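Novice: Here you go, one structure.
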Amino acid sequence: MKPSQAFIAIAVAALAAMAAPALAGTPAERTLEAVEQSGYPLEERTMLRQEVSRALQAGVPAEDLEVIVLRGRERGASAAAVRDLADIAAQAREQGLPLRPVLDRIEQGLAKGVPPERITAASRQLIGHLTAAGPLVDSLAKGGLRTGSSRERAEVIESVARARERSVPDAVLLKTGERAGEHGRSMASFDRAVRSLTFFVGSGMPADAAERVIGESMERGFTEKDYARLERSVGETIRRGGTMDDAMRAAEREIREGRGSGEGRSGGTQERGSGGGKDPGGRGGRGR
Amino acid sequence: MRNDHDRELIHRLLDGDLAADERDELLRRIKADPDLAREYEALNGPVQMLAADGRREAPPGFTEAVMRRIPERKPSLGERLHGFLFGARVLRWNMATAMAGLLLVTAALLLTQLRDGGRTALPTAATEGPATVRLSFYAPQARQVAVAGDFNKWAVGSDLMERRDGGIWTIDLTLQPGRYTYMFVLDGKAWVTDPGADSYQDDGFGSTNAVIKIRT
Numbered sequence: 136m137k138p139s140q141a142f143i144a145i146a147v148a149a150l151a152a153m154a155a156p157a158l159a160g161t162p163a164e165r166t167l168e169a170v171e172q173s174g175y176p177l178e179e180r181t182m183l184r185q186e187v188s189r190a191l192q193a194g195v196p197a198e199d200l201e202v203i204v205l206r207g208r209e210r211g212a213s214a215a216a217v218r219d220l221a222d223i224a225a226q227a228r229e230q231g232l233p234l235r236p237v238l239d240r241i242e243q244g245l246a247k248g249v250p251p252e253r254i255t256a257a258s259r260q261l262i263g264h265l266t267a268a269g270p271l272v273d274s275l276a277k278g279g280l281r282t283g284s285s286r287e288r289a290e291v292i293e294s295v296a297r298a299r300e301r302s303v304p305d306a307v308l309l310k311t312g313e314r315a316g317e318h319g320r321s322m323a324s325f326d327r328a329v330r331s332l333t334f335f336v337g338s339g340m341p342a343d344a345a346e347r348v349i350g351e352s353m354e355r356g357f358t359e360k361d362y363a364r365l366e367r368s369v370g371e372t373i374r375r376g377g378t379m380d381d382a383m384r385a386a387e388r389e390i391r392e393g394r395g396s397g398e399g400r401s402g403g404t405q406e407r408g409s410g411g412g413k414d415p416g417g418r419g420g421r422g423r
Numbered sequence: 545m546r547n548d549h550d551r552e553l554i555h556r557l558l559d560g561d562l563a564a565d566e567r568d569e570l571l572r573r574i575k576a577d578p579d580l581a582r583e584y585e586a587l588n589g590p591v592q593m594l595a596a597d598g599r600r601e602a603p604p605g606f607t608e609a610v611m612r613r614i615p616e617r618k619p620s621l622g623e624r625l626h627g628f629l630f631g632a633r634v635l636r637w638n639m640a641t642a643m644a645g646l647l648l649v650t651a652a653l654l655l656t657q658l659r660d661g662g663r664t665a666l667p668t669a670a671t672e673g674p675a676t677v678r679l680s681f682y683a684p685q686a687r688q689v690a691v692a693g694d695f696n697k698w699a700v701g702s703d704l705m706e707r708r709d710g711g712i713w714t715i716d717l718t719l720q721p722g723r724y725t726y727m728f729v730l731d732g733k734a735w736v737t738d739p740g741a742d743s744y745q746d747d748g749f750g751s752t753n754a755v756i757k758i759r760t
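What follows is the structure, given as structure tokens:
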């Protein structure tokens, strides 16, 4: 091949590579194409395409819908199940709820091989808690909690929704928020406190006891690092077989002394095999 | 007046630097020329006197005392700078020091690799830009380890970790400031919580995600 011919061939290849994304269509077109290529029977594909179109019109990002369609098909989910998941995403958007946590739950559930009906149930439950969390957060903002950006508000709503999922009572959340407001704390600070509150209650600590621990932490102006250390202290106490009283004492000591019991952990991480990490409830080894 | 050449010859004669024939010729001329003979005696007298007095050793510290009295010329700024940058340095070492230094470096490297969770925050740009964080996981039996999280829509194959010595797997992730949840996936099917994470969050399905926060 002459040098000029080689140059032309390389230039054409480079142009084709640059043009490929444009030739593939817009994200929405690619999502609908994924539906067409899904292999579902015609009737089911039509029903799914209608739901996906509705979700796109509602403003659900096309990339996420494409992931839901493709991953759902890979996991062997039926067209109806994928349609339900797209419907949940569309509902969250139409109701003005924080959309990212809902999409994250769906995508995560599909990736981890969770049965689609369980993903649907867990996602609908999350939507319910997000719906309740919004007015709670807004009432705290009116009551004196320093508000932040809309992104911060969305993050706090998500944290409050997750707290409600772990059965943290609204009364405890309100008391924590009011205390944060009394101390002049910001929405972001309340958000961090709620996440630790959720961790403690999720670990088995009674809600009122957890609220006391968090309240004291807020009084001392705990930072992100301090809360992480507090969580590690409680978590390690429980993992070592300690009772909840032991965990409470560890937390109180951590708050009083500001000592990081997370320091000095043995280096290195150990493979737990297919059973998951330190979480006894972890599912591993799920076939794909 | 004798010329400088003759005086030079007399000095060389007194220093013993003349060849035998040159010495004989000069001595013959000294004997024949009274002016030359006086020149010779003037220079030879002190030499003879010193030789008769015997050689004396300089007292201890003589050289240092003399050097101290010599006024020191301070080098210019340019000379000092040149000397600092380009002056030769001598590094004294012994085998024990070298081995101790090597052990320290090796220990520091090992501790960095095996630190629990192996999370290493790499130098970042200032405040609001993305930051790079290193995740590490010890899994010597695994053939493949990936990280899946909300930052990649929980895709299992898109962020594969690299296997290092000792069965440790690592990956460097560049993320915008924010909070992210993730898990490790072994051989494409086993989901494992990072035991070295800073904090954790229930995933809504009974498992526990690790949480990492990228600060502004």
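Quick mapping for you: the protein sequence lines, in order, are chains A and B. Residue 355 in our numbering is what sits at position 220 of the first sequence, and the numbering runs on without skipping anything. Residue 614 in our numbering is what sits at position 70 of the second sequence, and the numbering runs on without skipping anything. The beta-carbon is built from N, C-alpha and C at its ideal position, and this holds for glycine as well. Small disclaimer: the values here were computed from a predicted structure and weren't measured.
#1: Given a limit of 8 Å on CB to CB distance, which residues of the segment 680-695 of chain B reach chain A?
#2: Just how far apart, CA to CA, sit threonine 358 of chain A and serine 294 of chain A?
#3: Secondary structure at glycine 722 of chain B, three-state DSSP: helix, strand or coil?
#4: Count the other CB atoms, across all protein chains shown, that sit within 10 Å of the CB of glutamine 185 of chain A; report buried if there are 16 or more and exposed otherwise.
#5: Taking buried to mean at least 16 other C-beta atoms within 10 Å of its own C-beta, is proline 233 of chain A buried or exposed?
#6: What residues from chain B crowd round glutamate 287 of chain A, counting only those whose CB sits closer than 9 Å?
#7: Thinking C-beta only, is valine 369 of chain A closer than 8 Å to serine 338 of chain A?
#8: If you follow the beta strand (DSSP E) that glutamine 688 of chain B is part of, which residue opens it and which one closes it?
#9: By Cβ distance below 6 Å, which residues in the same chain neighbour glutamate 198 of chain A in space, the five residues on each side in sequence not counted?
#10: Does the structure place the segment 700-717 of chain B close enough to the segment 740-750 of chain B that three or more beta carbon pairs sit under 8 Å?
#11: Could you give the first and the last residue of the continuous alpha helix (DSSP H) run that contains aspartate 381 of chain A?
#12: Would you identify the three-state DSSP class for phenylalanine 681 of chain B, choosing helix, strand or coil?
#13: Examine the ligand FMN and report whether any of its heavy atoms sits within less than 7 Å of the Cβ of alanine 345 of chain A.
#14: I need the boundaries of the beta strand (DSSP E) containing valine 348 of chain A, first residue and last residue.
#15: With DSSP as the reference, identify every bridge partner of threonine 714 of chain B, one or two as the case may be.
#16: Give the interface partners of lysine 618 of chain B over in chain A, defined as CB-CB distance under 9 Å, in chain order.
#17: Looking at alanine 692 of chain B: is its Cβ nearer than 8 Å to the Cβ of methionine 727 of chain B?
#18: Check whether the Cβ of glycine 701 of chain B lies closer than 8 Å to any Cβ atom in chain A.
#19: The alpha helix (DSSP H) that contains glutamine 243 of chain A, what's its start and end?
#20: DSSP three-state call for phenylalanine 728 of chain B: helix, strand or coil?
#21: Within the continuous alpha helix (DSSP H) that includes threonine 752 of chain B, where are the two ends?
#22: If you compare alpha carbons, which of A:Arg374, A:Arg375, A:Ala363 and A:Gly376 is closest to glutamate 389 of chain A?
#23: Any beta-carbon of chain A closer than 8 Å to the one on tryptophan 815 of chain B?
#24: Determine contact between the segment 550-557 of chain B and the segment 572-590 of chain B, defined as no fewer than three beta-carbon pairs at a distance below 8 Å.
#25: Out of A:Ser139, A:Ile203 and A:Gln226, which one is the CA nearest neighbour of alanine 216 of chain A?
#26: Give, in chain order, every residue of the segment 740-751 of chain B whose Cβ lies closer than 8 Å to some Cβ of chain A.
#27: Do the segment 721-740 of chain B and the segment 749-758 of chain B meet, that is, are 3 or more Cβ pairs less than 8 Å apart?
#28: Since alanine 257 of chain A and phenylalanine 749 of chain B should fall inside the 8 Å C-beta cutoff, what is the C-beta to C-beta distance between them, to a whole number of angstroms?
#29: Report yes if the C-beta distance between alanine 382 of chain A and methionine 353 of chain A is below 8 Å; otherwise report no.
#30: Which same chain residues, not among the five before or five after aspartate 305 of chain A, have their C-beta less than 8 Å away from its C-beta?
#31: With DSSP run on the structure shown, which of helix, strand or coil describes serine 324 of chain A?
#32: Assuming tyrosine 362 of chain A is part of the beta strand (DSSP E), what are its boundary residues?
#33: Is the segment 217-237 of chain A touching the segment 248-262 of chain A in the sense that three or more CB pairs, one from each, lie closer than 8 Å?
#34: Step through the CB atoms of chain B and report whether any lies within less than 8 Å of the CB of alanine 257 of chain A.
#35: Have a look at arginine 636 of chain B and aspartate 709 of chain B and give me their C-alpha separation to the nearest angstrom.
#36: Glutamate 566 of chain B to arginine 633 of chain B, Cα distance in whole Å?
Specialist: According to the data block:
#1: Per Cβ criterion, the list reads Ser680, Phe681, Tyr682, Ala683, Pro684, Gln685, Ala686, Ala692 and Asp694.
#2: Your numbering for residue 358 of chain A matches position 223 in the first sequence. Your numbering for residue 294 of chain A matches position 159 in the first sequence. Between threonine 358 of chain A and serine 294 of chain A, the C-alpha separation is close to 17 Å.
#3: As a first step, residue 722 of chain B is located in the second sequence; it is residue number 178 there, counting from the start. DSSP places glycine 722 of chain B in strand when its eight states are reduced to three.
#4: The count along the first sequence starts at 1 and reaches residue 185 of chain A at position 50. Answer is exposed; the Cβ neighbour count stays below 16.
#5: Here residue 233 of chain A corresponds to residue number 98 of the first sequence, with the count starting at 1. Proline 233 of chain A should be labelled buried.
#6: Here residue 287 of chain A corresponds to residue number 152 of the first sequence, with the count starting at 1. The contacting residues do not exist; glutamate 287 of chain A stays about 11 Å from chain B at best.
#7: Here residue 338 of chain A refers to the residue found at position 203 when the first sequence is read from its first residue. Here residue 369 of chain A refers to the residue found at position 234 when the first sequence is read from its first residue. Yes, Cβ-Cβ distance for serine 338 of chain A and valine 369 of chain A is below 8 Å.
#8: One-based indexing of the second sequence puts residue 688 of chain B at position 144. That residue, glutamine 688 of chain B, is in no beta strand (DSSP E); it is neither H nor E in DSSP.
#9: As a working note, residue 198 of chain A is residue 63 in the first sequence. Around glutamate 198 of chain A: Pro162.
#10: no
#11: What you label residue 381 of chain A is simply residue 246 of the first sequence in a count that begins at 1. Segment 379-392, the alpha helix (DSSP H) holding aspartate 381 of chain A.
#12: Sequence index remark: in the second sequence, residue 681 of chain B carries index 137 (1-based). Three-state result, phenylalanine 681 of chain B: strand.
#13: In the structure shown, the ligand FMN is absent, as is every other ligand, since no ligand is present at all.
#14: Against the first sequence, residue 348 of chain A aligns to sequence position 213. Where valine 348 of chain A is concerned, there is no enclosing beta strand (DSSP E), although the alpha helix (DSSP H) it sits in stretches over 342-354.
#15: Here the question's residue 714 of chain B lines up with position 170 in the second sequence. In the DSSP output, where bridge partners are listed per residue, threonine 714 of chain B has B:Ser680 and B:Glu706.
#16: Residue numbering aside, residue 618 of chain B sits at position 74 when the second sequence is read from its first letter. Residues of chain A passing the Cβ test: none, with the nearest at roughly 54 Å.
#17: In the second sequence, counting from the first residue as 1, residue 692 of chain B sits at position 148. In the second sequence, counting from the first residue as 1, residue 727 of chain B sits at position 183. In this structure, methionine 727 of chain B lies closer than 8 Å to alanine 692 of chain B by Cβ.
#18: Working through the second sequence from its first residue, we reach residue 701 of chain B at position 157. No, because no Cβ of chain A sits closer than 8 Å to the Cβ of glycine 701 of chain B.
#19: Indexing the first sequence from 1 puts residue 243 of chain A at position 108. Taken as a continuous stretch (DSSP letters only), the alpha helix (DSSP H) holding glutamine 243 of chain A covers 235-246.
#20: Taking the first residue of the second sequence as position 1, residue 728 of chain B is located at position 184. Phenylalanine 728 of chain B falls in the strand class under three-state DSSP.
#21: Working through the second sequence from its first residue, we reach residue 752 of chain B at position 208. Looking at the DSSP string, threonine 752 of chain B is not in any alpha helix (DSSP H); the run it does join, the beta strand (DSSP E), is 752-758.
#22: For the purposes of this step, residue 389 of chain A is taken as the residue at position 254 of the first sequence. Looking at the Cα atoms, A:Ala363 is the closest of the given residues.
#23: With chain B covering only 545 through 760, there is no way to say anything about residue 815 of chain B.
#24: yes
#25: The residue given as residue 216 of chain A occupies position 81 in the first sequence. Closest option to alanine 216 of chain A, Cα to Cα, is A:Ile203.
#26: Gly740, Asp742, Ser743, Tyr744, Gln745, Asp746, Asp747, Gly748, Phe749, Gly750 and Ser751
#27: yes
#28: The residue given as residue 257 of chain A occupies position 122 in the first sequence. The residue given as residue 749 of chain B occupies position 205 in the second sequence. So it is a contact: roughly 6 Å between Cβ atoms.
#29: Here residue 382 of chain A corresponds to residue number 247 of the first sequence, with the count starting at 1. Here residue 353 of chain A corresponds to residue number 218 of the first sequence, with the count starting at 1. No, these two residues do not count as a Cβ contact at 8 Å.
#30: Against the first sequence, residue 305 of chain A aligns to sequence position 170. Closer than 8 Å at the Cβ level, and outside the excluded window around aspartate 305 of chain A, lie Ala267, Leu271 and Arg299.
#31: Numbered from its first residue, the first sequence carries residue 324 of chain A at position 189. Here serine 324 of chain A sits in helix by DSSP.
#32: In the first sequence, the residue the question calls residue 362 of chain A occupies position 227. It is not in any beta strand (DSSP E) - tyrosine 362 of chain A instead sits in the alpha helix (DSSP H) that spans 359-374.
#33: yes
#34: Locating residue 257 of chain A in the first sequence gives position 122, where the first residue counts as 1. Closer than 8 Å: yes.
#35: Residue numbering aside, residue 636 of chain B sits at position 92 when the second sequence is read from its first letter. Residue numbering aside, residue 709 of chain B sits at position 165 when the second sequence is read from its first letter. In a straight line, the C-alpha of arginine 636 of chain B is about 34 Å away from that of aspartate 709 of chain B.
#36: One-based indexing of the second sequence puts residue 566 of chain B at position 22. One-based indexing of the second sequence puts residue 633 of chain B at position 89. Cα-Cα distance, rounded: 51 Å.
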